[in-house]
Amino acid sequence: MKVAVFSDVQAVLPALEAAIEQIEAWRPDMVVMAGDLVNRGPDSSGCLTLFDQMRREQGWLPVNGNHEVWVLSCSAGPPANEGEREIRRFTDWAWQQVADQADRLRGWPDHLCLHPPQADAWLHVTHGSMAGNRDGITANTTDESLVGKLPEGVALFVAGHTHRTHQRHTQGMDVVNVGSAGSPFDGDVRGSYGRFTWRGGSWHTELVRFNYDRERAARDFEASGFLDEGGPLARLVYLEWQRARLLIGGWRERWQAAVLRGEISLEESVSRYLRDCR
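Those letters in the sequence shown? Residues 1 to 278, per UniProt numbering, in order.
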């Protein structure tokens with residue numbers, strides 16, 4: 001049995017297209033998209049349309065990511081204040097992209113579990129951890145901190161969210177982060193996904209890196225309106241994609257609360273943060 005899992009496309013359509021080509025060439029029995037297909041990038045609509053096609057025609061399966069939840073949440077009501085309006089500006093822009101096909105986003109599960117034929121070696125897929133879709137696992141996550149965050153009775157736990165590939169064995173199971181197909185944060189601009197093969201009575205893991213048309217993706221960021229209409233944080237997202245490094249996390253820790261309190265504009269906070277990052 002062969003299972004492919006990819007995650008965190010983040011609305012980068014050329015990356016999704018390349019991932020599909022890679023995965024189809026491997027010919028797995030099952031494919032799971034482990035969340036964050038949309039938002040944080042230039043083409044949420046195109047990515048959702050293409051994935052839904054693979055879902056209908058090939059039986060590919062989705063799992064909710066924090067960005068699917070956030071996009072749908074933003075569609076439910078207006079921001080509470082000007083700071084929140086600016087912070088969620090690129091997400092509101094993404095919602096406008098997918099609003100006419102929003103039903104394709106609704107009803108996705110938070111977890112998927114499967115097992116190979118005639119064996120109970122369960123494979124569990126979620127976006128973050130059992131603690132939630134914003135609780136990710138990286139190389140810096142200690143085994144002790146994972147207590148209570150992993151499911152019981154599984155052989156293989158697979159997740160995404162952090163945009164960094166990682167694997168370890170703990171609590172009697174293999175734990176694998178498949179990284180990001182569209183916007184890695186480990187310094188390697190190539191996309192990634194996981195191949196999981198049931199062979200000889202156990203699961204075998206291969207983490208695959210792949211190239212995609214980044215020149216086309218860069219044009220998409222420029223031409224789509226993402227940078228012009230997504231607000232100051234869209235600039236940070238684009239720099240993250242260019243550098244394959246997380247930036248918004250640092251901005252959030254330093255400036256988000258002040259922006260929400262109205263003490264500084266989002267534009268000024270991002271400008272100061274970028275000066276500090278040089």
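Ideal placement from N, C-alpha and C gives every residue a C-beta, glycine not left out. Remember, predicted model here, so these are calculated numbers, not experimental data.
How many angstroms separate the CA atom of residue i from the CA atom of residue j?
i, j, result
"Arg-199", "Ala-155", "13 Å"
"Asp-220", "Glu-240", "15 Å"
"Tyr-273", "Phe-226", "20 Å"
"Pro-116", "Ala-80", "48 Å"
"Asp-213", "Arg-195", "22 Å"
"Ala-258", "Arg-85", "14 Å"
"Met-130", "Leu-150", "6 Å"
"Arg-216", "Gly-191", "15 Å"
"Thr-170", "Glu-152", "12 Å"
"Trp-60", "Asp-188", "27 Å"
"Val-31", "Ala-102", "22 Å"
"Gly-230", "Ser-73", "17 Å"
"Glu-267", "Thr-205", "43 Å"
"Asp-100", "Arg-164", "32 Å"
"Phe-157", "Pro-28", "18 Å"
"Arg-106", "Ser-44", "15 Å"
"Arg-261", "Asp-36", "28 Å"
"Asn-211", "Ala-18", "7 Å"
"Gln-96", "Trp-122", "38 Å"
"Val-176", "Ala-218", "29 Å"
"Asp-143", "Val-178", "18 Å"
Along the alpha helix (DSSP H) that carries residue i, what are the first and last residues, could you check?
i, result
"Ala-15", "13-26"
"Thr-49", "44-58"
"Leu-274", "266-277"
"Arg-85", "82-87"
State the DSSP-derived secondary structure class of residue i, mapped to helix, strand or coil.
i, result
"Pro-232", "helix"
"Asp-181", "Rather than Asp, the amino acid found at residue 181 in this sequence is Ala. In this structure, Ala-181 counts as coil in the three-state DSSP scheme."
"Trp-95", "helix"
"Gly-225", "coil"
"Trp-255", "helix"
"Asp-135", "coil"
"Ala-4", "strand"
"Val-9", "coil"
"Asp-29", "coil"
"Asp-100", "helix"
"Asp-220", "helix"
"Val-237", "helix"
"Leu-61", "strand"
Answer with buried or exposed for residue i, where buried requires no fewer than 16 other C-beta atoms within 10 angstroms of its C-beta.
i, result
"His-111", "exposed"
"residue 296", "Outside the displayed range of the chain (1 to 278) lies residue 296, so it cannot be described from this structure."
"residue 296", "Lying outside 1 to 278, the shown extent of the chain, residue 296 is not represented and no answer is given."
"Pro-62", "buried"
"Ser-7", "buried"
"Gln-22", "buried"
"Asn-66", "buried"
"Asp-135", "buried"
"Glu-24", "exposed"
"Ala-223", "exposed"
"Asp-174", "buried"
"Ala-119", "exposed"
"Asp-276", "exposed"
"Asn-133", "buried"
"Ala-76", "exposed"
"Asn-64", "buried"
"Pro-232", "buried"
"Arg-243", "exposed"
"Ala-34", "buried"
If you follow the beta strand (DSSP E) that residue i is part of, which residue opens it and which one closes it?
i, result
"Gly-194", "191-199"
"His-166", "165-170"
"Leu-72", "Segment 66-75 is the alpha helix (DSSP H) holding Leu-72; no beta strand (DSSP E) there."
"Glu-206", "202-210"
"Thr-126", "123-126"
"Leu-114", "111-114"
"Leu-156", "156-159"
Within the 8 Å Cβ cut-off, does residue i reach chain B?
i, result
"Val-63", "Within the model displayed, chain B is absent; a lone protein chain is all it includes."
So, does the stretch 6-15 touch the stretch 40-50, judging by three or more C-beta pairs under 8 Å? yes
Okay, do the stretch 49-57 and the stretch 220-237 touch, 3+ Cβ pairs below 8 Å being the bar? no
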